[in-house]
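A.B. asks:
Residue numbers (this note's numbering), protein chains in the order written: chain A, 1 to 111; chain B, 112 to 228.
(1) Just how far apart, CA to CA, sit residue 76 of chain A and residue 108 of chain A?
(2) DSSP three-state label for residue 114 of chain B, please.
(3) So, for residue 218 of chain B: in the same chain, excluding its five sequence neighbours on each side, which residues have a beta-carbon less than 8 Å away from its beta-carbon?
(4) Applying a beta-carbon distance threshold of less than 7 Å, which residues of chain B neighbour residue 42 of chain A?
(5) Buried or exposed for residue 117 of chain B, please, with buried defined as at least 16 other CB atoms from any protein chain shown within 10 angstroms of its CB.
(6) When DSSP builds the beta bridges, which residues end up paired with residue 10 of chain A?
(7) Among residues of its own chain, excluding the 5 on either side of residue 1 of chain A, which ones have a beta-carbon nearer than 6 Å to its beta-carbon?
(8) Just mark residue 82 of chain B as buried or exposed, buried being the case when its beta carbon has 16 or more other beta carbons within 10 Å.
(9) Is there contact between the region 63-74 of chain A and the region 12-21 of chain A, where contact requires at least three CB pairs shorter than 8 Å?
(10) Here's the rule: buried if 16 or more other CB atoms are within 10 angstroms of the residue's CB, otherwise exposed. What is residue 54 of chain A?
(11) Which ranges would you report for the beta strand (DSSP E) in the region 138-192 of chain B if only whole runs of at least 3 residues count?
(12) Out of curiosity, what's the CA-to-CA distance linking residue 165 of chain B and residue 191 of chain B?
(13) Give me whichever residues DSSP pairs with residue 26 of chain A in a beta bridge.
(14) I need the boundaries of the beta strand (DSSP E) containing residue 81 of chain A, first residue and last residue.
(15) Along the chain, where does the beta strand (DSSP E) containing residue 37 of chain A start, and where does it finish?
(16) Using a Cβ-Cβ cutoff of less than 7 Å, which residues in the same chain neighbour residue 79 of chain A once the five nearest sequence positions on both sides are dropped?
(17) Rounded to a whole number of angstroms, what is the C-alpha to C-alpha distance between residue 33 of chain A and residue 132 of chain B?
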């Protein structure tokens, strides 16, 4: 069953603005990752946050995780046109942990 | 150098045909995956192999048969193709399978867009 749902489904902002995407999931997880997918390409791993972490930074990316609310957010600061892509959250759970992807947020950054 | 490669990139075929998609990774990873991304961009895992051994097998019709001749290759064979099989299929690999608290980044191939007419 589908694990993560992203909100919003689509987001359009001006270059230089910040973009915030949210992900909600349904069951307990071990880890949560964010991936980017450029149009017609495969997914690229951005950042990982473990279930015992609350916030993580990587360059212009900031990820938060609230396990009590079963939600995560991805903030991209000072957005650039090259950030235009779809962003997916992915959760892992279980023994051999399969990765379950969310529905994705399509971000458009207008130059 | 391409890390995870898939062939073909595009595949257009008639309903009822049998087709294969090949995947190769040159990262020395132990674990490989097949995902299906539908028209709504929803990405769902189909199979995972670790050192040629099947470890994840989601609810996928048995018309889909993965084959891993060695740990660098994971091919996907589809029998009796149906219209609903039209999607983009992604291969991925990771250093190890995810287990316990360990998590390994997945590296994705460019995808194979399958269109069944």
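All residues carry an ideal CB built from backbone N, CA and C; glycine is no exception.
C.D. replies: This is what the structure gives:
(1) Taking the first residue of the first chain as 1, we reach residue 76 of chain A at position 76. Taking the first residue of the first chain as 1, we reach residue 108 of chain A at position 108. Distance between the alpha carbons of residue 76 of chain A and residue 108 of chain A: 12 Å.
(2) Mapped onto the second chain, residue 114 of chain B falls at position 3. Looking at residue 114 of chain B - three-state DSSP - the assignment turns out to be coil, as it is neither helix nor strand.
(3) The count along the second chain starts at 1 and reaches residue 218 of chain B at position 107. Cβ neighbours of residue 218 of chain B beyond the five flanking positions: 114, 115, 136, 138, 140, 203, 204 and 205.
(4) By 1-based counting over the first chain, the position of residue 42 of chain A is 42. Those within 7 Å of residue 42 of chain A in chain B are 201, 219, 220, 221 and 222.
(5) Residue 117 of chain B sits at position 6 when you count from the first residue of the second chain. Label assigned to residue 117 of chain B: buried.
(6) Counting from 1 along the first chain, the entry for residue 10 of chain A is found at position 10. Answer by DSSP bridge pairing, in chain order: A/106.
(7) Here residue 1 of chain A refers to the residue found at position 1 of the first chain. Reliability fails at residue 1 of chain A, whose pLDDT of 42 lies under 50, so the model's placement of it is uncertain and no value is given.
(8) Lying before the first or after the last residue shown, residue 82 of chain B is absent from chain B, which here runs from 112 to 228.
(9) yes
(10) Against the first chain, residue 54 of chain A aligns to sequence position 54. Per the 10 Å Cβ criterion, exposed.
(11) 142-148, 154-161, 164-168, 175-181 and 184-189
(12) Here the question's residue 165 of chain B lines up with position 54 in the second chain. Here the question's residue 191 of chain B lines up with position 80 in the second chain. Cα to Cα, residue 165 of chain B sits roughly 22 Å from residue 191 of chain B.
(13) The residue given as residue 26 of chain A occupies position 26 in the first chain. Looking at the DSSP assignment, residue 26 of chain A forms no beta bridge with any residue, so it has no partner.
(14) Taking the first chain and counting its residues from 1, one reaches residue 81 of chain A at position 81. Premise fails: residue 81 of chain A is in no beta strand (DSSP E) and is neither H nor E.
(15) As a working note, residue 37 of chain A is residue 37 in the first chain. First-last of the beta strand (DSSP E) with residue 37 of chain A: 31-37.
(16) On the first chain, position 79 is the one that residue 79 of chain A refers to. Counting only Cβ-Cβ distances below 7 Å, and skipping sequence neighbours, we find 13, 15, 16, 17, 18, 19 and 109.
(17) On the first chain, position 33 is the one that residue 33 of chain A refers to. On the second chain, position 21 is the one that residue 132 of chain B refers to. Taking the straight line from one Cα to the other gives about 27 Å.
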